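Since the structure comes first, as structure tokens, the remarks are kept for the end.
2 protein chains.
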Amino acid sequence: MSRSLKHVAIREYVRSLVEGSAPGTAAPSERDLVDRFGVARMTVRQALDALVSEGVLERFPGRGTFVAAPRRTASGVTGFSEEMARRGIVADSRTLAADQLPAGENLARALQVPAGIPVVHWRRLRTADGRPVCLTDAYLDRTRVPGLLESLPTSLYDDLAARGLRPSWAEDMLAAATATPEEAALLEVPSGAAVLRHHRRALAGDAVVEVSRTVYRGDAYTLNVQLCS
Amino acid sequence: MSRSLKHVAIREYVRSLVEGSAPGTAAPSERDLVDRFGVARMTVRQALDALVSEGVLERFPGRGTFVAAPRRTASGVTGFSEEMARRGIVADSRTLAADQLPAGENLARALQVPAGIPVVHWRRLRTADGRPVCLTDAYLDRTRVPGLLESLPTSLYDDLAARGLRPSWAEDMLAAATATPEEAALLEVPSGAAVLRHHRRALAGDAVVEVSRTVYRGDAYTLNVQLCS
DNA sequence: TAGTGGTCTAGACCACTAT
DNA sequence: TAGTGGTCTAGACCACTAG
């Protein structure tokens, strides 16, 4: 080890001690670690601070340091396939279009590409347990997903992940509306039925990787979101 | 000041220095702060550590400490008043009911209270720029919000914050549906118009502080969400 | 009362950056 | 070369908790 970084060594030692332990299990006290590693207490505290801010440990003044209960996590950025899998539902989809279209002004701005250049367009009718649930139009910067249209993946988000473009950030808009006749026909609902419109702009780092517009059947889909602040 | 907490004083001093500064602006160096406050360097570092982990400052070894570019933040847990204010819209509301009702089974479970005990119920018709936008039924554990019904606040979330119960976590469900005749009348839309149903369970720490059901006019409201993972 | 974490001191050496 | 943050030491006193 070229650079020792004692606080890292201590941190990883404690992490390995603690991983798999039940919440509430006592971690070594700061002074124990001082003795064991022969370091100053500030160094131990630096190590434990990291684990506390990671949510691995909790400190209670006067009592000690303990394994923290797993944190609640906000819902991440997931695609339809994942979301359905999480609910234990068999998701499937039928591709209605997979082509390239010149980007209109709004789309171009959202995708951060020049207006008028062709972008990848993929339209799918998605089903859950065999029943139509939603209609998705996904738009992507063709330079980021070469070959996508030639071999369409099962899950767009898995494919993006494989390209190192897994969205880590999404801006979503949700609104209730009524189905257009075309949407109604595809979703097999009466024209004018209530639908949930969902627009998404998904980013990986600073790059916009997907802009999508989805229409969900109001009677067949509920969106769940966990928020934190 | 009964307890000085030097690192807090230093942290807030730096925060006030820095707030409003452009990203990239240099913050005082650690040794400057040592001189200014007459403290040890570890104390200064403790103060700056907090601002760094808050995302206010960034450190660059060998260069210095600088104001960080604003982080992308996921949308927090906000109430309607805040949300409208953020959009620059004048929000108002009319109380339709403010009473206590025995909790049904589902509501009791969601609120973590025994079934059948009375819970606070507050129904409001909310308007934006004078037009009806949504109808909200909020349910709260009466023991957590004594006096709420006697003097109804303008903003529920502000009131909760004042009680130390600001929600920091919410589980939301969203679905499109059609308005019931009663909802339609209050929202001033035709019966059967598309509406967005929004159920929320808001928590502060481990305590459920609010369970609410909101019906938004589909033509008057779009929900925006930012997600990260 | 013994042990814990919270806070703080007054130094030190290092690698790195900018000039 | 001067200044910066990164790491580390060897103590100290405090308030709090548990037995």
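As you go down the protein sequences, you meet chains A and B in turn. Here the first sequence is numbered in UniProt numbering, starting from 1 and rising by one per residue. Here the second sequence is numbered in UniProt numbering, starting from 1 and rising by one per residue. Each residue gets a CB set at the ideal place from its N, CA and C atoms; glycine is no exception. On a predicted model such as this, the values are computed, not experimentally measured, just so you know.
- According to DSSP, residue pairing for P118 (chain B) in a beta bridge involves B:P102.
- When the beta-carbon positions are compared, M84 (chain A) and N224 (chain B) stay at least 7 angstroms from each other.
- When C-alpha distances from R217 (chain B) are compared across B:E54, B:I117 and B:R131, the shortest belongs to B:R131.
- The three-state secondary structure of L203 (chain A), taken from DSSP, is strand.
- The C-alpha of A170 (chain B) is placed about 22 angstroms away from the C-alpha of A91 (chain B).
- Cβ contact annotation for V133 (chain A) (same chain, cutoff 7 angstroms, sequence separation greater than five): R126, T127, Y216, R217, A220 and Y221, in chain order.
- The beta carbons of A110 (chain B) and R201 (chain B) sit closer together than 7 angstroms.
- If you check each beta-carbon in the segment 143 to 172 of chain B against every beta-carbon of chain A, the ones closer than 9 angstroms belong to R166, P167, S168, W169, A170, E171 and D172.
- Closer than 7 angstroms to the CB of A176 (chain A) there is at least one CB belonging to chain B.
- A Cβ of chain A is located within less than 7 angstroms of the beta carbon of T222 (chain B).
- At least one CB of chain B lies nearer than 7 angstroms to the CB of C228 (chain A).
- The C-alpha of V208 (chain A) lies about 10 angstroms from the C-alpha of S168 (chain A).
- In the DSSP assignment, D159 (chain A) falls within the unbroken alpha helix (DSSP H) covering L156 to A162.
- Using beta-carbon distances, R131 (chain A) does not count as an interface residue toward chain B, since no partner is under 7 angstroms.
- Residues are counted here when their Cβ sits less than 9 angstroms from a Cβ of chain B; for the segment 44 to 66 of chain A these are D49 and S53, given in chain order.
- The alpha carbon of V44 (chain A) has as its nearest neighbour, out of A:H121, A:G55 and A:P28, the alpha carbon of A:P28.
- Listed in chain order, the alpha helix (DSSP H) runs fully inside the segment 7 to 41 of chain A are 30 to 37, counting runs of at least 4 residues.
- Close partners of S212 (chain A) in chain B (Cβ separation under 7 angstroms) are lacking, with about 13 angstroms as the shortest Cβ gap.
- Any Cβ of chain A closer than 7 angstroms to the Cβ of R72 (chain B) would place that residue at the interface, and such an atom is present.
- With fewer than 16 other beta carbons inside 10 angstroms of its own, F60 (chain B) counts as exposed.
- Checking the DSSP bridge columns, you'll see E183 (chain A) has no partner listed.
- Distance from A47 (chain B) to G55 (chain B) at the Cβ level is roughly 15 angstroms; contact not present, criterion being Cβ atoms closer than 8 angstroms.
- At least one CB atom of chain A sits nearer than 7 angstroms to the CB of V195 (chain B).
- Excluding sequence positions up to five before and after V113 (chain A), its CB lies within less than 7 angstroms of the CB of A103, V119 and D141, all in the same chain and listed in chain order.
- In this structure G79 (chain A) is buried. Its beta-carbon is surrounded by 16 or more other beta-carbon atoms within 10 angstroms.
- Counted as a single uninterrupted DSSP element, the stretch harbouring A85 (chain A) is not any beta strand (DSSP E) but the alpha helix (DSSP H) occupying residues F80 to R86.
- In terms of Cα proximity to R31 (chain A), the closest of A:G147, A:A108, A:T65 and A:T143 is A:T65.
- Within the DSSP secondary-structure output, E171 (chain B) pairs in a beta bridge with A:Q226 and B:R201.
- Shortest Cα-Cα distance from R63 (chain B) to any of B:G24, B:L160 and B:S75 involves B:G24.
- Here the alpha carbon of Y139 (chain A) sits roughly 7 angstroms from the alpha carbon of W122 (chain A).
- Under a criterion of Cβ atoms nearer than 7 angstroms, the residues of chain A adjacent to S75 (chain B) are, in order, L227.
- Per DSSP, D137 (chain B) is one residue of the beta strand (DSSP E) stretching across R131 to L140.
- Nearest neighbour of L165 (chain B) by Cα position, chosen from B:C228, B:H7, B:G205 and B:R41, turns out to be B:G205.
- Nearest CB-CB separation between G218 (chain B) and chain A: below the 7 angstroms threshold.
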